[in-house]
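Numbering (the numbering used here), first residue to last: 217 to 594. Written out below as structure tokens is the structure these notes cover.
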């Protein structure tokens with residue numbers, strides 16, 4: 217029996233073959249990733265800053281020009297988030313005021329077909345942010361709430377439409393889409409054009425703040441934040457309630473972020489400035505996904521790794537409840553702290569009757585009759 221001696225392979229050759237195999241696998245993975253990213257629908261093409269590319273791009277990664285911006289930002293945030301074990305509760309408050317949203321769509325689109333496409337894109341991009349938030353960590357929670365005009369929603373109905381801790385077996389996309397569509401349809405059919413200009417944020421924001429406070433109390437090393445997707449210019453008689461909420465949320469160490477589809481609501485700018493959140497004005501609805509992923513997706517601990525929105529001067533001037541205009545000098549109700557530009561004996565917000573101090577009536581003083589002087593020598 218002849219036993220042939222097998223040739224011995226040197227260590228150098230084995231290491232060379234292993235290195236070549238690793239390079240081949242890396243190339244195959246890169247090609248597969250390129251193929252998957254090409255299949256995905258690219259919504260926007262936004263040029264990322266050069267320092268962001270150099271900091272987060274791996275040498276073997278595919279070209280950033282072929283990668284959707286949202287996917288790139290998701291990778292960047294996952295790279296940052298992997299260093300931290302904290303979980304985050306994101307509360308999204310979506311403005312379902314049909315009148316205000318319709319005005320925004322009329323301003324940014326030319327016809328009804330483009331308006332429908334823009335509305336679909338808006339809701340899809342907000343849901344993409346929610347899905348990405350849940351996919352980053354298994355400990356993350358999501359709370360989706362709706363805000364509408366006063367009287368458009370049943371007061372007994374909760375503004376919460378999705379809670380990831382309760383709706384474990386529900387489809388996020390399907391449930392939120394159905395709730396938003398139903399709320400917009402109800403607001404368009406039953407809303408009053410005179411009273412539907414404003415949006416009621418106080419119920420949704422207060423519930424979100426309470427949920428985050430309980431979440432942080434029951435779980436250590438947790439964080440929470442509130443995101444408002446706003447399309448309204450006025451907030452009716454809730455300005456006093458909102459300001460009280462914002463200061464209470466600041467004490468609870470909760471961030472409020474605002475994505476506004478209209479330029480400059482001063483009340484929401486004040487909310488972001490008070491709580492330390494980000495305020496972003498969206499001029500084109502088609503680019504909202506990039507702003508959501510860049511400024512609203514990271515939590516408070518990871519935002520130092522991303523660019524910050526341009527700082528805007530916050531207008532802290534008071535706004536009167538009667539006309540919604542900025543005033544420098546006005547009248548303040550002692551009960552509800554409502555600001556009014558003109559004096560009224562009854563508060564238009566809380567219907568309090570002011571006690572006016574009336575001056576006492578003046579007594580009529582009759583002049584005394586002078587006595588006639590006697591003539592001299594009489």
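Heads up, the beta-carbon is just placed ideally off N, CA and C, and yes, glycines get one too.
Exercise. Taking residue 359 as the reference, which of 520, 343, 366 and 530 has the closest Cα?
Worked result: Relative to residue 359, the option among 520, 343, 366 and 530 whose CA is nearest is 343.
Exercise. Which value, in whole angstroms, describes the spacing of the CA atoms of residue 443 and residue 508?
Worked result: The straight-line gap separating the alpha-carbon atoms of residue 443 and residue 508 is approximately 10 Å.
For this session: For residue 440, name the three-state secondary structure that DSSP assigns.
Result: Of the three classes helix, strand and coil, the one that applies to residue 440 here is strand, per DSSP.
For this session: Take every Cβ of the region 417–436, pair it with every Cβ of the region 324–340, and state whether three or more of those distances are shorter than 8 Å.
Result: No: the two stretches stay apart, fewer than three of their Cβ pairs being nearer than 8 Å.
Exercise. Going by alpha carbons, who is nearest to residue 460 out of 352, 476, 329 and 486?
Worked result: The residue among 352, 476, 329 and 486 with its C-alpha nearest the C-alpha of residue 460 is 486.
Problem set entry | Proximity of residue 470 and residue 440 at Cβ, strictly below 7 Å | Contact flag set, yes.
For this session: Kindly provide the ranges of any beta strand (DSSP E) runs that are 3 or more residues long and lie completely inside the region 344–377, ordered along the chain.
Result: Whole beta strand (DSSP E) segments, 3+ residues: 357–363.
Exercise. Per DSSP, what kind of secondary structure is residue 435 in: helix, strand or coil?
Worked result: The answer is coil: DSSP assigns residue 435 none of H, G, I, E or B.
For this session: Could you tell me whether the region 302–313 touches the region 393–404, using the rule of 3 or more Cβ pairs below 8 Å?
Result: Between the region 302–313 and the region 393–404 there are three or more C-beta pairs closer than 8 Å, enough to call the two in contact.
Exercise. Do you know how far the Cα of residue 346 is from the Cα of residue 390?
Worked result: Looking at the two C-alpha atoms, the distance is approximately 13 Å.
Exercise. Does DSSP classify residue 511 as helix, strand or coil?
Worked result: Here DSSP, grouped into helix, strand and coil, assigns residue 511 to helix.
Exercise. Is residue 427 helix, strand or coil by DSSP?
Worked result: In this structure, DSSP gives residue 427 a helical state, which the three-state scheme calls helix.
For this session: Might you give, ordered along the chain, the residues of its own chain that have their beta carbon closer than 6 Å to the beta carbon of residue 565, omitting 5 neighbours on each side?
Result: Correct list, in chain order: 453, 537, 552 and 554.
Exercise. What are the partner residues of residue 471, as DSSP defines its beta bridges?
Worked result: Looking at the DSSP assignment, residue 471 forms a beta bridge with 441.
Exercise. Helix, strand or coil: which one does DSSP assign to residue 521?
Worked result: Helix, per DSSP.
For this session: Specify the secondary structure class of residue 306 as computed by DSSP and reduced to three states.
Result: Three-state DSSP puts residue 306 in a strand.
Exercise. How should residue 560 be labelled, buried or exposed, when 16 other C-beta atoms within 10 angstroms of its C-beta is the threshold for buried?
Worked result: Result: exposed.
Exercise. Can we count residue 434 as close to the ligand COA, meaning its CB is less than 6 Å from some heavy atom?
Worked result: For the ligand COA, the structure offers nothing, since it holds no ligand at all.
For this session: Leaving aside the five residues before and after residue 451 along the sequence, list all residues of the same chain whose C-beta is less than 7 Å from its C-beta, in chain order.
Result: Same-chain partners within the cutoff: 414, 415, 417, 458 and 483.
Exercise. Buried or exposed: where does residue 498 fall if 16 or more other Cβ atoms within 10 Å of its Cβ makes it buried?
Worked result: With 16 or more other Cβ atoms within 10 Å, it is buried.
For this session: Would you kindly work out how many angstroms separate the C-alpha atoms of residue 349 and residue 547, rounded to a whole number?
Result: Straight-line Cα distance between these residues: approximately 45 Å.
Exercise. Counting along the chain, where does the alpha helix (DSSP H) carrying residue 320 start and finish?
Worked result: That run of the alpha helix (DSSP H) goes 314–324.
Problem set entry | 8 Å Cβ shell around residue 431 - same chain, five flanking residues per side excluded | So the qualifying residues of the chain are 305, 357, 438 and 440.
Problem set entry | Endpoints, the beta strand (DSSP E) within which residue 496 is located | From DSSP, the beta strand (DSSP E) with residue 496 extends over 495–497.
For this session: Please go through the same chain and pick out, in chain order, the residues whose beta-carbon is closer than 7 Å to the beta-carbon of residue 379, but skip the five residues on each side of it.
Result: 359, listed in sequence order.
Problem set entry | Rounded distance between the beta-carbons of residue 490 and residue 518, thought under 8 Å | About 21 Å separates the two Cβ atoms, so there is no contact after all.
Exercise. Taking the alpha-carbon positions, what's the residue 319 to residue 325 distance?
Worked result: Cα to Cα, the separation comes out at about 10 Å.
For this session: Rounded to whole angstroms, what's the CA-CA distance from residue 448 to residue 316? Just pull it up for me.
Result: When rounded, the distance between both Cα atoms is 5 Å.
Exercise. In three-state terms, what does DSSP make of residue 446?
Worked result: Strand.
For this session: Kindly indicate which three-state DSSP category residue 516 falls into: helix, strand or coil?
Result: Correct three-state label for residue 516: coil.
Problem set entry | Neighbour-count burial assignment, residue 523, 16 or more Cβ in a 10 Å radius | Classification of residue 523: exposed, given that the 10 Å Cβ count is below 16.
Exercise. In the structure shown, what three-state DSSP assignment does residue 387 receive?
Worked result: Looking at residue 387 - three-state DSSP - the assignment turns out to be coil, as it is neither helix nor strand.
Exercise. Who are residue 548's beta bridge partners in DSSP?
Worked result: Bridge partners of residue 548: 555.
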